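Novice: Counting the sequence shown from 1 gives a position; this note's numbering is that position plus 278.
Every residue gets a Cβ at the ideal spot worked out from N, C-alpha and C, and that includes glycine.
These figures come from a predicted structure and were not determined experimentally.
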Amino acid sequence: MIEALALAGALLAGPATAGTAVTVRASEIPARWQPFASCVSQRESNGNYRARNRSSSASGRWQFLDTAWRVNGGIEWIVLRQMKKAGATWKARQATYRLLTRTPIHRWPAWAQDAAFVGVVTERPTGWRHWSLPGSRCQGLVPR
279 MIEALALAGA
289 LLAGPATAGT
299 AVTVRASEIP
309 ARWQPFASCV
319 SQRESNGNYR
329 ARNRSSSASG
339 RWQFLDTAWR
349 VNGGIEWIVL
359 RQMKKAGATW
369 KARQATYRLL
379 TRTPIHRWPA
389 WAQDAAFVGV
399 VTERPTGWRH
409 WSLPGSRCQG
419 LVPR
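This is the structure we're talking about:
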């Protein structure tokens, strides 16, 4: 248990850790989604992982809404699925889950926020619609 928590702490600490390969793979935005991701990131937070919306619970680079994603959406589980695909062990995923659930999204490391975004747009056929804004140039960048 202590080893798993130490690994999760390393994974949450950032990219220069023992979990680097897993975190990089888990958070890698597929090439076909990169134009959309870049547009959304600029529009939502100007690329700021620590961003917090003044009028809602939206936070982080992708402006995930706390209620929609943490309570109803299981965003932590989305990150864990990305970690699993990247080869993370069960212990690392379990410990990471515990840490993510008690950390505000805007305090998550960049890789975890990006892994959540990747999971939403790649696992759900209409996941990109969470960032749908009629008239936005981002709409035209959604891969078909």
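Whose CA, out of Arg310, Asp392, Ser333, Arg376, lies closest to the CA of Gly325?
Specialist: Asp392
Novice: Report buried or exposed for Val357, applying the criterion of at least 16 other Cβ atoms within 10 angstroms of its Cβ.
Specialist: buried
Novice: Which same chain residues, not among the five before or five after Cys416, have their C-beta less than 8 Å away from its C-beta?
Specialist: Closer than 8 Å at the Cβ level, and outside the excluded window around Cys416, lie Phe314, Cys317, Val318, Arg321, Trp409.
Novice: Out of curiosity, what's the CA-to-CA distance linking Val349 and Leu377?
Specialist: In a straight line, the C-alpha of Val349 is about 15 Å away from that of Leu377.
Novice: Excluding sequence positions up to five away, which residues of its chain have a Cβ less than 8 Å from the Cβ of Ala294?
Specialist: Confidence at Ala294 is low in this model, with a pLDDT of 39, below 50, so its placement is unreliable and the value that follows should be read with caution. Here the set comprises nothing.
Novice: Out of Ala309, Arg303, Ala373, Ala299, which has the shortest C-alpha to C-alpha gap to Val420?
Specialist: Ala309
Novice: Assuming Ile383 and Phe342 form a contact by the criterion Cβ under 8 Å, report the distance between their Cβ atoms to the nearest whole angstrom.
Specialist: 5 Å
Novice: Looking at the unbroken alpha helix (DSSP H) that takes in Ala329, where does it start and where does it end?
Specialist: Here Ala329 belongs to no alpha helix (DSSP H), and DSSP marks it neither H nor E.
Novice: Output the residue ranges of the alpha helix (DSSP H) runs that lie fully inside the region 325-374 and measure 4 residues or longer, sorted by chain position.
Specialist: 353-363
Novice: Helix, strand or coil, according to DSSP, for Ser319 in the structure here?
Specialist: helix
Novice: Pull up the distance between the alpha-carbon of Leu411 and that of Ala364, whole angstroms please.
Specialist: 31 Å
Novice: Just to confirm my understanding: we take Gly405, look at its own chain, exclude 5 residues before and 5 after, and list those with CB closer than 7 Å. What are they?
Specialist: Val398, Val399.
Novice: Give the single residue among Thr367, Thr345, Trp347 whose Cα lies nearest to the Cα of Val300.
Specialist: Thr367
Novice: Quick one: using the 10 Å Cβ neighbour count with 16 as the cut-off for buried, is Thr374 buried or exposed?
Specialist: buried
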